[in-house]
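First the structure, in the form of structure tokens, and then the observations on it.
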């Protein structure tokens, strides 16, 4: 690690400088290493690819398009992040007194790349070693110090290739979306990405399947069955009609997605089912004609990987993938669990010993098998460098022993990981499933029929790992959710049983359920798309871009996503092909193993080869793209869904007047694409239009005041009244006025009519003229400031109602205050500080004093969401976390992390720029 610069030697303090990414990790490790070490944090990456405006003039020719010189082995141009200038200065200060540097970033590709960037920027003249660990305990940290290694340049190459690849993909494809589709939610720029586009396509493909799905209906009969007398304590169980005269009865799984039967079965309709139920009611009894018992075993699931942790946290804890990873990160940095970004299901020998010992201690000697369990990872692209996610240390702490040290989410997550780890080393569960067949001979409309019912019950003879943990399940289709966990009495063939509560039941097949975050993570991993460590951020991106929204736990694609995916499928088919995207991950893995040169691979991806045309050739040969056709989906012969500048709407033509201007109908915001059926289109078409209602005349100017329903919601508009037509008294005909010269120009020059949006509490069908006039007169002048003479006005804005005096503003609590606030109240608001004291009483929660500043911590709801503050440092509550669940410990950590990052400096044009140097080859 030699630097070409000559520096004056600085007297060493004899300390070793340890650099980690996280402030929390920094504090924990410093405590374990003691005074001979100085542990500092880089707070993540310290530099990244330059944005276009930060490229120096002398480098624009080579690096101007991507901040990558594609003609010089795809050499990237890096800049130190504006927010990291202070961090880099602090690291350089510490480096001057150090006699050795230990780069202790995470042991994955991103962590290896962060370490390389630190090396490139700091240019240390002292020995540099790579320090790696998988858990933050005293023993693990001391072992990591004693067993350092060199930087793994193959891992760096893989991560840098990924970064360059994503820049090329995003910066070439995204502009096509901007031109042909438009913008996303709240005007956000659209984006395309190697993994995010494939993930978006998966959600859209599932919705397409649901839209094409044809429901099939079928009926069956259920009955309660009793052996003996209810008065004697006999418990009824439920049996379901399985066969009629020996022929199997239709179930939901017997139909395909077009509503067609896949095999020969009996499909009962309502009439036949009810007639059969009535005949069975009349018979009142049946006999046991079959009895079968089968033993079975269930094995525990492996300990958590990143992917399975995200899935289970979604199913059991209702956490988003991002939230789950944030909580796991905190547990790791505090030393409670091992590293949370891993593909491995393996456990170390000490972890296996700890899990087995704890299982025996809690559940007895039979709780564990004779030999320890070992798991193989079936995931595509698995990396076995790390252990599975487990509690840290040689002896696992129980959840009850750490409950006072963790916040609510951390404790729930630790409990989940602890249980899964213990269960993974426990014995199989053993059970016996009994299936009974009950037969009744009845007469239906004079025809003899034999009805066979079945019922199943499962009894666990040994619970094994189920004592500790049972994995959650995703939503299933149709009959797949039915379980066999009911209890059956002791029965024998030939026993007579009584039938009661007989009911004919109608069923309809259902389409595949929409993806949840958990099931999407599972599907991405199964297809080998992306890395598990990136799934949380990918889902966050497609939510932020407006491609997907959440309905409960389900991910519902927007019509915007349909347009984006359609464009990519038609013009960038390879780039959103699932197999191609997965193959990219395989190639990146080969680079990480040193089996593939990064420059050769990037050259083939960008310029093309025999197997792939190359990104550059695809972009340069796009041809014409019909934006209108791209943003259109035909729903019926007369109704087309179009996605425009302001969102989706229906364009409905009149078949009797095909040349007439189509009618536009807004679509409810909460309507999912698969719910826009022909029947729904008809309903929307026939719904009364609340807008375009004349409220009256403005007495001040004689103009009509009209309420309308627009693309941004209901609003008020002033309109000129129509002049009565001139009539020829002799003939009674309307006299048509000859068009005046220059009328079009005059119309263009005419002032636009006044408009005003309705408040959120108002509706078009209830608003009256008086209120409409008050809206049109906004902003309202509340009065003048007696000191400055400036007018104070009340109005609505993007972030809600507020007062304005010159350039100074104050928020109001409700829209009604725009009409009601008095000058005295306004002056009282301006007399208080804009931030801080004025909102002292609006804190959602109050905590004890911050240990650093000594000031009380408060949880507030701000303009951009909830945050915690000690009056000096504000820290936003991460998206996905429930603000009201934030504890004092979590608030202290958020503020500490934000304080460590420092304030965001003003952006300047002066930046440190660096081109990537080739990684040194190992000899």
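Residue numbers (the working numbering): 1 to 923. Even glycine gets a Cβ: it sits at the ideal position worked out from N, Cα and C.
Report the option in 888, 116, 28 whose CA atom is closest to the CA atom of residue 46. If we check each option's Cα against that of residue 46, 116 comes out closest.
Which whole-angstrom value describes the C-beta separation of residue 872 and residue 855, a residue pair presumed to lie in contact below a C-beta threshold of 8 Å? Confirmed, Cβ separation roughly 7 Å.
Taking Cβ to Cβ, would you say residue 504 is nearer than 8 Å to residue 217? A distance of 8 Å or more separates the beta carbons of residue 504 and residue 217.
Span separating the alpha-carbon of residue 767 from that of residue 241: Roughly 57 Å separates the two Cα atoms.
From the DSSP output, which residues share a beta bridge with residue 449? 442, per the DSSP bridge assignment.
DSSP has residue 280 in a bridge; who is on the other side? DSSP, once it has assigned bridges, lists no residue as partnering residue 280.
I need the DSSP call for residue 666, collapsed to helix, strand or coil. If DSSP states are grouped into helix, strand and coil, residue 666 belongs with the strands.
Using the Cα positions of residue 308 and residue 423, report the straight-line distance between them to the nearest angstrom. Between residue 308 and residue 423, the C-alpha separation is close to 15 Å.
Do residue 210 and residue 511 have their CB atoms nearer than 8 Å? Yes, the Cβ-Cβ distance between residue 210 and residue 511 is below 8 Å.
Cα separation between residue 20 and residue 107? Note on geometry: alpha-carbon atoms of residue 20 and residue 107 lie some 11 Å from one another.
Using the Cβ count rule (16 or more neighbours within 10 Å means buried), how would you classify residue 26? Flag for residue 26 reads buried.
Could you tell me whether the region 56-69 touches the region 87-100, where touching means 3 or more Cβ pairs closer than 8 Å? The region 56-69, when compared against the region 87-100, does not touch it at the 8 Å Cβ threshold.
Between the C-alpha atoms of residue 795 and residue 771, what's the straight-line distance to the nearest angstrom? Straight-line Cα distance between these residues: approximately 14 Å.
Would residue 929 pass as a contact of residue 74 if the rule is Cβ separation under 8 Å? Because the chain here runs from 1 to 923, residue 929 falls outside it and cannot be looked at.
Buried or exposed: where does residue 658 fall if 16 or more other Cβ atoms within 10 Å of its Cβ makes it buried? Within a 10 Å sphere around the beta-carbon of residue 658 sit fewer than 16 other beta-carbons, which makes this residue exposed.
Would you mind working out which of 454, 265, 310, 809 sits nearest residue 538, comparing C-alpha positions? With distances taken between Cα atoms, residue 538 lies closest to 310.
Leaving out the 5 sequence neighbours to the left and right, which residues in its chain are closer than 8 Å to residue 841 when beta-carbon positions are compared? Bear in mind that a pLDDT of 43 at residue 841, under 50, signals an unreliable position, so the model cannot answer this.
What residue range is occupied by the uninterrupted beta strand (DSSP E) comprising residue 795? Per DSSP, the continuous beta strand (DSSP E) segment holding residue 795 begins and ends at 791-797.
Residue 295 classed as buried or exposed, judged by whether at least 16 other C-beta atoms fall within 10 angstroms: Flag for residue 295 reads exposed.
Does DSSP put residue 499 in a helix, a strand or coil? Looking at residue 499 - three-state DSSP - the assignment turns out to be strand.
Within 8 Å, do at least three Cβ pairs link the region 331-343 to the region 136-152? Contact holds: three or more Cβ-Cβ distances are below 8 Å.
Can you tell me where the alpha helix (DSSP H) with residue 362 in it begins and where it stops? Taken as a continuous stretch (DSSP letters only), the alpha helix (DSSP H) holding residue 362 covers 349-363.
Go through the region 77-143 residue by residue and report every complete run of the alpha helix (DSSP H) that reaches 4 residues or more, in order. 85-96, 109-122, all fully within the region 77-143.
DSSP three-state label for residue 210, please. Residue 210 sits in a helix when the DSSP states are folded into three classes.
Buried or exposed for residue 570, going by 16 or more other Cβ atoms inside 10 Å? The residue is exposed, with fewer than 16 neighbouring Cβ atoms inside 10 Å.
Between residue 567 and residue 672, what straight-line distance do the alpha-carbon atoms span, to the nearest angstrom? Taking C-alpha positions only, residue 567 is separated from residue 672 by approximately 20 Å.
Output the distance between the C-alpha atoms of residue 318 and residue 553, rounded to the nearest integer angstrom. Their Cα atoms are separated by approximately 8 Å.
Identity of the residue in 790, 715, 755 nearest residue 765 by Cα: Residue 765 has its Cα closest to that of 715, out of 790, 715, 755.
Give me whichever residues DSSP pairs with residue 456 in a beta bridge. BP columns for residue 456 point to 435.
Per the DSSP calculation, residue 708 is bridged to which residue(s)? Answer by DSSP bridge pairing, in chain order: 715.
Would you be able to state if there are at least three C-beta pairs under 8 Å between the region 411-422 and the region 201-208? Taking a cut-off of 8 Å on C-beta distances, the region 201-208 does not touch the region 411-422, as fewer than three cross pairs fall below it.
Near residue 588, which residues of its chain fall below 7 Å by C-beta distance, leaving aside the five closest residues on each side in sequence? Within the same chain, residue 588 has close Cβ partners 158, 161, 162.
Check whether the region 402-409 touches the region 440-447, taking contact to mean three or more Cβ pairs, one atom from each stretch, closer than 8 Å. These segments do not touch.
Give me the DSSP bridge partner(s) of residue 68. DSSP, once it has assigned bridges, lists 76 as partnering residue 68.
How should residue 551 be labelled, buried or exposed, when 16 other C-beta atoms within 10 angstroms of its C-beta is the threshold for buried? Around the beta carbon of residue 551, a 10 Å sphere encloses fewer than 16 other beta carbons of the protein chains shown; the residue is thus reported as exposed.
Note down the Cα distance separating residue 462 from residue 299, rounded to an integer number of angstroms. Residue 462 and residue 299 have their C-alpha atoms spaced approximately 12 Å apart.
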